[in-house]
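In the working numbering, the protein residues as written are 13 to 232. Idealized CB from N, CA, C, for every residue including glycine. Please read these numbers as outputs of a predicted model, since none were measured by experiment. Read the structure below first, then the notes.
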Amino acid sequence: MQLREIHIDGFGVFADARIRGVAPGLNVLYGHNEFGKTTLLEFIRRILFGFPGKSPNVNPYPALRGGKYGGHLVCRLRDPGAAEMTVSRTAGKGGGALTVRRADGVELSEEAFKTALGHVSDEFYRNVYAISLQELQEDKKRQLQGEELRNRIYGAGLGLGQVSITELKRSFSDAADELYKPRGSIQMMNATASTLLEIDRQIRLKSSELSHYDARKTER
13 MQLREIHIDG
23 FGVFADARIR
33 GVAPGLNVLY
43 GHNEFGKTTL
53 LEFIRRILFG
63 FPGKSPNVNP
73 YPALRGGKYG
83 GHLVCRLRDP
93 GAAEMTVSRT
103 AGKGGGALTV
113 RRADGVELSE
123 EAFKTALGHV
133 SDEFYRNVYA
143 ISLQELQEDK
153 KRQLQGEELR
163 NRIYGAGLGL
173 GQVSITELKR
183 SFSDAADELY
193 KPRGSIQMMN
203 ATASTLLEID
213 RQIRLKSSEL
223 SHYDARKTER
């Protein structure tokens, strides 16, 4: 998904702010301290993933200069011929009121929007796609060892898309356990091995009986 436009109705130091002409590839926004660069980044994050609940550890970025809290982003999917969509979010319960519309006016469900985002979580987006000074100052070990982060990076390298490496390993392990366990008896390979041992025992028994029969026949 590519950002094309950013429209801020009211968020932090911004009110009725517009950024148009965001092009594919690298776009540089620069400014002095307190210019609003971090605020802009946080606005994008929260429009995509929702406004957090009240917490002493989270900056709510109130609309300091007026305007309706929230705004919208204009995005385009990377697929050839994909239409633009407008992602709007305003204050409200459960992360805020989300509305997603295509350029033709068709409204998309929240699930369809998550699919368009590739089911990327807020945490993953923050640690990979939208790193701020705050993330750089936090515990790097926690960031780099996050289960989802590892899964996404490894999955991307292997071409697995949204498949969880952890879930994949677990499914392989479960499938292997269904086939064989060192001390199992009901698993397919364990049961087959037991059957083969019994067949082998029967063959040896019949061979012994045949040898005994041949010996008796010779005596006669």
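* Starting from the C-beta of D21, find all residues in its chain whose C-beta is less than 7 Å away, skip the five residues before and the five after it, and write them out in chain order. => Result list for D21: D28, G79, K80, G82 and G83, in chain order.
* Where N75 falls, given that 16 or more other Cβ within 10 Å makes a residue buried -> The question names Asn, but residue 75 in the sequence shown is Ala. Buried, because 16 or more other Cβ atoms sit within 10 Å of the Cβ of A75.
* For D116, the nearest candidate out of T127, A109, T98 and T102 (CA to CA) -> Looking at T127, A109, T98 and T102, the one whose alpha-carbon comes closest to that of D116 is T98.
* **Residue environment, F47, which counts as buried when at least 16 other CB atoms sit within 10 Å** => Under this definition F47 is an exposed residue.
* Per DSSP, which one or two residues make a beta bridge with V112? -> V99 and L120
* Same chain, Cβ closer than 6 Å to R228, neighbours up to 5 away in sequence not counted -> none
* Would you kindly report the start and end of the unbroken beta strand (DSSP E) that includes F23? => Q14 to F23 is the span of the beta strand (DSSP E), which, as asked, contains F23.
* Looking at C-beta atoms only, is the number of pairs between the region 29-36 and the region 95-111 that lie closer than 8 Å three or more? -> no
* Just tell me which of G43, G24 and N202 has its CA closest to the CA of E190. => N202
* When the Cα atoms are used, what is the spatial distance from P64 to E54? -> 11 Å
* Asked: For K71, which option in V118, M200, E221 and F23 has the closest C-alpha, if you only look at C-alpha atoms?
  -> For clarity, residue 71 is Asn in the given sequence; the question names Lys instead. Comparing Cα positions, the closest option is F23.
* Among G108, A205, H44 and T51, which one has its Cα closest to the Cα of K66? -> G108
* Pull up the distance between the alpha-carbon of T127 and that of L180, whole angstroms please. => So the alpha carbons of these two residues sit roughly 20 Å apart.
* **Selected residue, minimal CA-CA separation from P194, among E221, S206 and S183** => S206
* Taking all protein chains shown into account, do 16 or more other C-beta atoms lie within 10 angstroms of the C-beta of I59, making it buried, or fewer, making it exposed? -> buried
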